[in-house]
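Worksheet: one structure, shown below.
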Amino acid sequence: MDRRRFCPVCASALVARPIAGIERLACSAPDCGHVFWDNPIPVVAGVVEHEGQLVFARNARWPKGMYGLVTGFLEPGEEPAEAVIREVAEELGLVAEVTTLIGVYGFARKNQVLLAYHLIGHGEITLPDGELAEAFHVAKNKAEYWPGGTGLAVRDWLRSQGYDPQPRELPETVKAWLAAPPDMD
Ligand SMILES: [Zn+2]
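Sequential numbering from 27 applies to the sequence shown in my numbering.
This is how it looks when you write it as C-alpha cells:
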C-alpha cells in the first residue's frame, strides 16, 4: 500500500481502519470523510515490432540484465491507444501504429493494471527522452517472456502468432533487485 500520511482534501492525518472489508487509510477529521482507496492505476505497455523483430528495452533505473516493454501513464483525457503510441515515440523515437489490444493484466506488485498493445514501429530507434538506457531487437522465435507483469503480454502475443515462447530464467542480480526494488515513480 502507498504510505501516504495526510489527507489530500483537508491535510489532517490519515489513519488505518477497515472500510468495505479492507483495512484502508482514511481521514481522521470527523467532518471530512476522505478515504484513500488506493485503486490500481492503469499503465499502457507496448509490444513493439520493428524491422520484423521485437524491441525490448532497459529502463535507465534498472540493473543490467533486466529488460521489458515500453510503458507509461496516460495523460488526462488521452485514449490508451494514443498513450502507448506517444510513449513509443518518446522513449524509442519510433513512429508507431497500434495493430491490436493484446490484453489487460493485473499487476499487483506495482498496484497497476496493464493495458498491453502490439504496435508496428517505423524509423530509427534513438531513445530520445533518456528514460531508456538501451533497446535491442530479439527475433520472434527466440523471444522469451518473464512470467509476470508485461511479460504475460509478450507471451500471449507470441502465442497468438503461432510461436511457443518459454519463460525466461532471470539472472540472480535481477531477482535480488526485484525482491527489494528501490523507491521509484
Ligand atoms: Zn480530510
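Yeah, the Cβ is synthetic: ideal placement off N, Cα and C, and Gly gets one too. Bear in mind the structure is a predicted one, so any value in this text is a computation, not a measurement.
Taking a cut-off of 8 Å for Cβ pairs, the stretch 58-77 and the stretch 94-107 touch, as three or more such pairs fall below it. Judged by beta-carbon spacing, residue 94 lies within the 8 Å limit of residue 176, meaning their Cβ atoms are closer than that value.
Shown here for residue 179: same chain residues with a beta carbon closer than 8 Å to its own, the five before and five after excluded, namely 71, 73, 95, 128, 129, 131, 140 and 142 in chain order. For residue 55, the shortest separation between its Cβ and any heavy atom of ligand 1 lies below 7 Å. With contacts defined by Cβ atoms closer than 8 Å, residue 124 and residue 115 do not form a contacting pair. Nearest Cα to residue 48 within the set 54, 35, 62 and 55: 62. Between residue 136 and residue 80 the beta-carbon gap is near 22 Å, outside 8 Å, which marks them as no contact.
For residue 112, the enclosing alpha helix (DSSP H) starts and ends at 106-118.
Only residues of its own chain outside the window of five on either side were considered, and among them 36 and 38 have a CB closer than 6 Å to the CB of residue 55, listed in chain order. If only uninterrupted beta strand (DSSP E) runs of at least 3 residues are considered, those enclosed by the stretch 114-154 are 121-133 and 138-148.
Note on residue 117: 16 or more other CB atoms within 10 angstroms of its CB, so buried under the neighbour-count rule. Within the DSSP bridge table, the entry for residue 94 names 83 as partners.
When secondary structure is reduced to three states using DSSP, residue 40 falls in the strand class. Assigned with DSSP and collapsed to three states, residue 55 falls in coil, not helix or strand. A direct Cα-Cα distance of roughly 13 Å separates residue 173 from residue 204.
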